[in-house]
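K.L.:
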Amino acid sequence: MVMVSCSLSHKGISSCMLTAVESLFQRSLPSLSPTRQAHAGLLKCGLVPGDARHTSKLLAFYAGHRCVADVEFLSRSVTRPDPFAFSGVISVLVRSHLFSAALSLLPCMLSLRLPPDPFILPAALKACAALPSLPIGRQIHALSLVGEVSSDRFVASALVDMYLKCAAVADAYQVFDEMSEKCVVVWSSMIAGCATHGRTEEAFQMLDRMRSSGVEPNLITFNGLIVGLNRCGRPHETLPLLRRMHSEGFELDEVSVSSTLSAASDVEDLTMGCQIHGYVIKTRLETKSSVVSALLDMYGKCGCADEMIRVFDTVTTPDVGSCNALLAGLSRNGRVDDALKAFAEFQAQGIKLNVVSWTSIVACCSQNGKDMDALQLFRRMQSAGVEPNAVTIPCLLPACGNVAALLQGKSAHCFSLRKGILADVYVGSSLVDMYAKCGRITDARVVFDAMPSRNIVSWNAIVGGYAMHGKAKDAIELLLSMKRNRHKPDSVTFVCVLSACSQAGLTEDGERYFYEMQRDYGITASVEHYACMVSLLGRAGRLDEAYELIRKMHVEPDGCVWGALLSACRVHNNVTLAETAAEKLFELEPANAGNYVLLSNIYAAKGMLDEVDRVRDTMKTMGVKKNPGCSWIEIRNKVHMLLAGHKSHSQMSRITEKLEKLSEEMKRLGYLPSTNFVLQDVEEQDKEHILCGHSEKLAVALGLISTPAGTPLRVIKNLRICGDCHAAMKFISKFEGREILVRDTNRYHRFEDGSCSCGDYW
DNA sequence: GTAGGGTTAG
Numbered sequence: 001m002v003m004v005s006c007s008l009s010h011k012g013i014s015s016c017m018l019t020a021v022e023s024l025f026q027r028s029l030p031s032l033s034p035t036r037q038a039h040a041g042l043l044k045c046g047l048v049p050g051d052a053r054h055t056s057k058l059l060a061f062y063a064g065h066r067c068v069a070d071v072e073f074l075s076r077s078v079t080r081p082d083p084f085a086f087s088g089v090i091s092v093l094v095r096s097h098l099f100s101a102a103l104s105l106l107p108c109m110l111s112l113r114l115p116p117d118p119f120i121l122p123a124a125l126k127a128c129a130a131l132p133s134l135p136i137g138r139q140i141h142a143l144s145l146v147g148e149v150s151s152d153r154f155v156a157s158a159l160v161d162m163y164l165k166c167a168a169v170a171d172a173y174q175v176f177d178e179m180s181e182k183c184v185v186v187w188s189s190m191i192a193g194c195a196t197h198g199r200t201e202e203a204f205q206m207l208d209r210m211r212s213s214g215v216e217p218n219l220i221t222f223n224g225l226i227v228g229l230n231r232c233g234r235p236h237e238t239l240p241l242l243r244r245m246h247s248e249g250f251e252l253d254e255v256s257v258s259s260t261l262s263a264a265s266d267v268e269d270l271t272m273g274c275q276i277h278g279y280v281i282k283t284r285l286e287t288k289s290s291v292v293s294a295l296l297d298m299y300g301k302c303g304c305a306d307e308m309i310r311v312f313d314t315v316t317t318p319d320v321g322s323c324n325a326l327l328a329g330l331s332r333n334g335r336v337d338d339a340l341k342a343f344a345e346f347q348a349q350g351i352k353l354n355v356v357s358w359t360s361i362v363a364c365c366s367q368n369g370k371d372m373d374a375l376q377l378f379r380r381m382q383s384a385g386v387e388p389n390a391v392t393i394p395c396l397l398p399a400c401g402n403v404a405a406l407l408q409g410k411s412a413h414c415f416s417l418r419k420g421i422l423a424d425v426y427v428g429s430s431l432v433d434m435y436a437k438c439g440r441i442t443d444a445r446v447v448f449d450a451m452p453s454r455n456i457v458s459w460n461a462i463v464g465g466y467a468m469h470g471k472a473k474d475a476i477e478l479l480l481s482m483k484r485n486r487h488k489p490d491s492v493t494f495v496c497v498l499s500a501c502s503q504a505g506l507t508e509d510g511e512r513y514f515y516e517m518q519r520d521y522g523i524t525a526s527v528e529h530y531a532c533m534v535s536l537l538g539r540a541g542r543l544d545e546a547y548e549l550i551r552k553m554h555v556e557p558d559g560c561v562w563g564a565l566l567s568a569c570r571v572h573n574n575v576t577l578a579e580t581a582a583e584k585l586f587e588l589e590p591a592n593a594g595n596y597v598l599l600s601n602i603y604a605a606k607g608m609l610d611e612v613d614r615v616r617d618t619m620k621t622m623g624v625k626k627n628p629g630c631s632w633i634e635i636r637n638k639v640h641m642l643l644a645g646h647k648s649h650s651q652m653s654r655i656t657e658k659l660e661k662l663s664e665e666m667k668r669l670g671y672l673p674s675t676n677f678v679l680q681d682v683e684e685q686d687k688e689h690i691l692c693g694h695s696e697k698l699a700v701a702l703g704l705i706s707t708p709a710g711t712p713l714r715v716i717k718n719l720r721i722c723g724d725c726h727a728a729m730k731f732i733s734k735f736e737g738r739e740i741l742v743r744d745t746n747r748y749h750r751f752e753d754g755s756c757s758c759g760d761y762w
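Okay, structure coming up:
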């Protein structure tokens, strides 16, 4: 390569350049970098490789290295083509699953007036089938007719398969019927294709026709039928077919059993799964990695995590696929600690984990309430050099939203833009949700508006975002927009709209949509809808109507419904109904400290201090453990009492002492409510609104006893709502001198000028 | 050179 690099400036040495390229290609496995240098050298010397020999070699070389951009670039510069080389390159690209790249060579071939080659067309058709792209497939069909190669056995078979995969069954039949000689391959294609498109009767008839025409079906024919039955929603028919294959003397392979196991997983049929497992053991197919994965998946989906682990433990050398199946199964069954442990073990064993493994573990954490772990694992994934894909991003973003890691979420946005995956409906929807949860509803809307395609989840993300921000009018406007765009709102959409109406006090609108939802959309009201309605009526002061609605519910009211009533009672200080709601809540959620605290709040506001003590005693007797949030509520409660002047000076000092103790305890536990919250001063009347209006989202209010001289009451506003990291950090820094602990210091970075930021760049 | 598969996803 010394020769190559030193010769770039001199045209006269161009022959040396060519020799250098030649010598590179003569090696059996030339490396990428020197070849690129050589190619660049040729271009710099003005020697665009017009020579068919060099072009072909370079094309094949880049295709083999999956360098799509180089292939496309080079193919455009070809002047004297070599049909054989093109054929090889297309095949290489198709085998590497670079279907679009393979098809991108076709226009070039056409412009060069290369004759349609029966060796190129099947590979190109395979690419059309895989994408799928019916228009290009049809063009290739036309090309084969012009070139009179359409009757070629391979071309015709590939055409049939392409049409089936592109869901053009009638076209497939036409080509198939015109074939004079039908081999086992094209019969198999038709059978699998018919079954996939739900034409199962035809598929079975075709199996008989095939036999009577003298062609012997093979294992692939039957396997294709199993896969088709599974895909068209007839998974229960796969096991009888497996038995039939066995009785006809077919030696089943890993494809047969793993496909049937997949059918059992889809319908969560444990009995069927166990029968196949028995068969697997008998036939000793359990050593096949695809069978292991399918078994793990089946047990995981059937809720048998322990059995799944037992299967995994029998594998001596698990491959990455089996590891991934185990991680997914553990995650599905909520066994997040086991998943984390398994993941760490895989790493310790040196198993080469891939993007699926990392995505699975990130998803496992973000779906099981371990948001910080999800973010940390994602950073480790990047350190390990594993590049995220379009699946990873929607797995990561909920964690960003939950802990308001806006910068990391933004980075995911930029990454998606760079990698061209922003158009993915899952990526887009999760970005909308993340921005909304991080307090950036405007950004959420910008992403939503730019989405090229949307599904119900995308709509629900933006409607839910507006609901979360208390922007009920916008939520309603979007609901109307959905109607205009002929997108049918679902149950979740209405939960969002009703919740928004409830928070904004749009009582009449809420009532109307609750009615419309049932009448116009046939959606049965769920407990979530009822909880919103109870909250809606309760906030409007219509507590008796709210209670009446609960009594008339045709589903059993749960803790959320009674909780909504209790919260409404807190707003209007209705002790009688509060006691009724609390009684139900203590039955339904005996260990939920929040309910006890809420009731004691209501008593406290009414000055019923003996009752407050009684509730506290009940908590003690019941052994209810307070969570940190409750402790903070209790602190706030005490502050309320101090401010309300219900206690004498000596009592006040005891309360203050108690507050200090509680604060110490919180610090000892390492909790600071401010990790997720922005702290803002608010007026007393707003405070009440915020506390009640966003009680779930805002977590708790914190009364900070700050100076001996006074008792400034600070209310925490959720970062999700206002998204102002800097304000949060300023507040934290202001109070840090008073030894307030900041948990997860990794998330916070203090700049020299005293300002702060949270999240990390990546 | 044409036909069949398991594991990740809002």
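Heads up: the first sequence begins at 1 in UniProt numbering, then just goes up one per residue.
The beta carbon of each residue, even a glycine, is placed where N, CA and C say it ideally should be.
(1) Which of the three DSSP states, helix, strand or coil, is assigned to C232?
(2) Below 7 Å CB to CB, which residues in the same chain sit around H39 once its five sequence neighbours on both sides are set aside?
(3) Going by alpha carbons, who is nearest to N223 out of H197, V257, C414?
(4) Report back the beta-carbon spacing between T35 and F61 to the nearest angstrom; my notes put them in contact at under 8 Å.
(5) Figure out for me which residue from V432, G198, I550, G538 has the closest Cα to the Cα of R570.
(6) Relative to the alpha-carbon of L397, which residue among G385, R380, Y435, L422 has its alpha-carbon at the smallest distance?
(7) Output the residue ranges of the alpha helix (DSSP H) runs that lie fully inside the UniProt repeat "PPR" (526-556) and measure 4 residues or longer, sorted by chain position.
(8) Using three-state DSSP, classify D443 as helix, strand or coil.
(9) Helix, strand or coil for K606, going by three-state DSSP, please let me know.
(10) Indicate whether V149 and P118 have their beta-carbon atoms separated by less than 8 Å.
(11) In angstroms, rounded to a whole number, what distance separates the CA positions of T618 and S526?
(12) Sorted by chain position, which residues of the same chain lie with C-beta nearer than 7 Å to V495's C-beta, five sequence neighbours on each side aside?
(13) Give a yes or no on whether the C-beta atoms belonging to C395 and G409 are separated by under 8 Å.
(14) Measuring alpha carbon to alpha carbon, tell me which of A170, Q37, E589 ends up nearest G623.
(15) In chain order, what residues of the same chain have a beta carbon less than 7 Å from the beta carbon of L428, not counting five sequence neighbours either side?
(16) Which of the three DSSP states, helix, strand or coil, is assigned to I309?
(17) Pull up the distance between the alpha-carbon of L479 and that of V497, whole angstroms please.
(18) Roughly how many angstroms lie between the CA atoms of H197 and L207, to the nearest whole one?
(19) Distance check for S188 and S322, CA to CA, integer angstroms please.
(20) Could you have a look at G710 and say whether DSSP puts it in helix, strand or coil?
(21) State the start and end residues of the unbroken alpha helix (DSSP H) segment that holds C194.
(22) Find out if the Cβ-Cβ distance for the pair G510, L543 is shorter than 8 Å.
(23) Alpha carbons only, please: which of P115, R113, H65, A127 is nearest the one belonging to I90?
(24) Is K625 helix, strand or coil by DSSP?
(25) Quick check: is any heavy atom of the ligand SAH less than 7 Å from the C-beta of I136?
(26) At 3 residues or longer, what runs of the beta strand (DSSP E) sit wholly inside the UniProt repeat "PPR" (319-353)?
(27) Return the Cβ separation of A444 and G470 in integer angstroms, given the expectation that the two are a contact with Cβ distance under 8 Å.
(28) S430 by DSSP, collapsed to three states: which one?
(29) Helix, strand or coil for S180? Go by DSSP, reduced to three states.
(30) Any contact of the region 257-271 with the region 285-301, i.e. 3+ C-beta pairs under 8 Å?
(31) For E413, count neighbouring C-beta atoms within 10 Å of its own C-beta (all shown protein chains included) and say buried if the count is 16 or more, exposed if not.
(32) Using DSSP with H/G/I as helix, E/B as strand and the rest coil, what is K483?
(33) Let's test the definition: count the other Cβ atoms within 10 Å of the Cβ of C183 and tell me whether it reaches 16, buried, or not, exposed.
(34) Going by the CB atoms, is the gap between V71 and L112 shorter than 8 Å?
(35) Alpha helix (DSSP H) containing N574: first to last residue?
(36) Within 10 angstroms of the Cβ of K473, are there 16 or more other Cβ atoms? Answer buried if so, exposed if not.
P.N.:
According to the data block:
(1) The residue labelled residue 232 in the question sits at position 232 within the first sequence. Looking at C232 - three-state DSSP - the assignment turns out to be coil, as it is neither helix nor strand.
(2) As a first step, residue 39 must be located in the first sequence, where it is residue number 39. The answer, listed in chain order, is L58.
(3) Looking up residue 223 in the first sequence gives position 223. Measuring from the Cα of N223, the nearest candidate turns out to be V257.
(4) As a working mapping, residue 35 is identified with position 35 in the first sequence. As a working mapping, residue 61 is identified with position 61 in the first sequence. Their Cβ separation, rounded to whole angstroms, is 6 Å, which keeps T35 and F61 in contact under 8 Å.
(5) On the first sequence, position 570 is the one that residue 570 refers to. The shortest Cα separation from R570 among V432, G198, I550, G538 belongs to G538.
(6) Here residue 397 corresponds to residue number 397 of the first sequence, with the count starting at 1. If we check each option's Cα against that of L397, Y435 comes out closest.
(7) 527-539, 543-552
(8) Numbered from 1 along the first sequence, position 443 holds the residue referred to as residue 443. Helix.
(9) The residue labelled residue 606 in the question sits at position 606 within the first sequence. In this structure, K606 counts as coil in the three-state DSSP scheme.
(10) Walking along the first sequence from the start, residue 149 turns up at place 149. Walking along the first sequence from the start, residue 118 turns up at place 118. Against a cut-off of 8 Å, the Cβ pair of P118 and V149 comes out as a contact.
(11) On the first sequence, position 618 is the one that residue 618 refers to. On the first sequence, position 526 is the one that residue 526 refers to. Each residue's alpha carbon lies about 32 Å from the other.
(12) Counted from its first residue, the first sequence places residue 495 at position 495. Closer than 7 Å at Cβ, skipping near neighbours: E528, H529, C532.
(13) Here residue 395 corresponds to residue number 395 of the first sequence, with the count starting at 1. Here residue 409 corresponds to residue number 409 of the first sequence, with the count starting at 1. No, the pair does not count as a contact, with Cβ atoms beyond the cut-off.
(14) For the purposes of this step, residue 623 is taken as residue 623 along the first sequence, with counting starting at 1. Among A170, Q37, E589, the Cα nearest to that of G623 is on E589.
(15) Reading the first sequence from its first residue, position 428 is the one you call residue 428. It is worth fixing the name first, because residue 428 is Gly in this sequence and not Leu. Hits under 7 Å: L422, V447, M451, S458.
(16) The sequence position of residue 309 within the first sequence is 309, counting from 1. Three-state DSSP puts I309 in a helix.
(17) Taking the first residue of the first sequence as 1, we reach residue 479 at position 479. Taking the first residue of the first sequence as 1, we reach residue 497 at position 497. Roughly 8 Å separates the two Cα atoms.
(18) If you number the first sequence from 1, residue 197 lands on position 197. If you number the first sequence from 1, residue 207 lands on position 207. Distance between the alpha carbons of H197 and L207 is about 16 Å.
(19) Counted from its first residue, the first sequence places residue 322 at position 322. Counted from its first residue, the first sequence places residue 188 at position 188. Going by the C-alpha atoms only, they are around 29 Å apart.
(20) For the purposes of this step, residue 710 is taken as the residue at position 710 of the first sequence. Note on G710: pLDDT 20, under 50, position unreliable in the model; the coordinate value appears next. In the structure shown, G710 sits in a strand (DSSP, three-state: E or B).
(21) As a first step, residue 194 is located in the first sequence; it is residue number 194 there, counting from the start. 184-196 is the extent of the alpha helix (DSSP H) around C194.
(22) Translated into positions along the first sequence, residue 510 becomes position 510. Translated into positions along the first sequence, residue 543 becomes position 543. No; because the gap between Cβ atoms is not below 8 Å, this pair is not in contact.
(23) Here the question's residue 90 lines up with position 90 in the first sequence. It is A127 whose Cα lies nearest to the Cα of I90.
(24) Position 625 of the first sequence, counted from the start, is the residue given in the question as residue 625. Of the three classes helix, strand and coil, the one that applies to K625 here is coil, per DSSP.
(25) The ligand SAH is absent from the structure shown, which contains no ligands of any kind.
(26) none
(27) Along the first sequence, one-based indexing puts residue 444 at 444. Along the first sequence, one-based indexing puts residue 470 at 470. Actually they are not in contact, since the Cβ atoms of A444 and G470 sit about 14 Å apart, beyond 8 Å.
(28) The sequence position of residue 430 within the first sequence is 430, counting from 1. In this structure, S430 counts as helix in the three-state DSSP scheme.
(29) Along the first sequence, read from residue 1 onward, the residue named residue 180 stands at position 180. Residue state, collapsed to three classes: coil.
(30) yes
(31) Residue numbering aside, residue 413 sits at position 413 when the first sequence is read from its first letter. Reading off the sequence shown, one finds His at residue 413, where the question assumed Glu. Per the 10 Å Cβ criterion, buried.
(32) Numbered from its first residue, the first sequence carries residue 483 at position 483. Helix at K483.
(33) Stepping through the first sequence from its first residue, residue 183 is reached at position 183. That one is exposed.
(34) Translated into the one-based positions of the first sequence, residue 112 becomes position 112. Translated into the one-based positions of the first sequence, residue 71 becomes position 71. In this structure, V71 does not lie closer than 8 Å to L112 by Cβ.
(35) Start at 1 with the first residue of the first sequence, and residue 574 comes out as number 574. It is not in any alpha helix (DSSP H) - N574 carries neither H nor E in the DSSP assignment.
(36) What you label residue 473 is simply residue 473 of the first sequence in a count that begins at 1. K473 should be labelled exposed.
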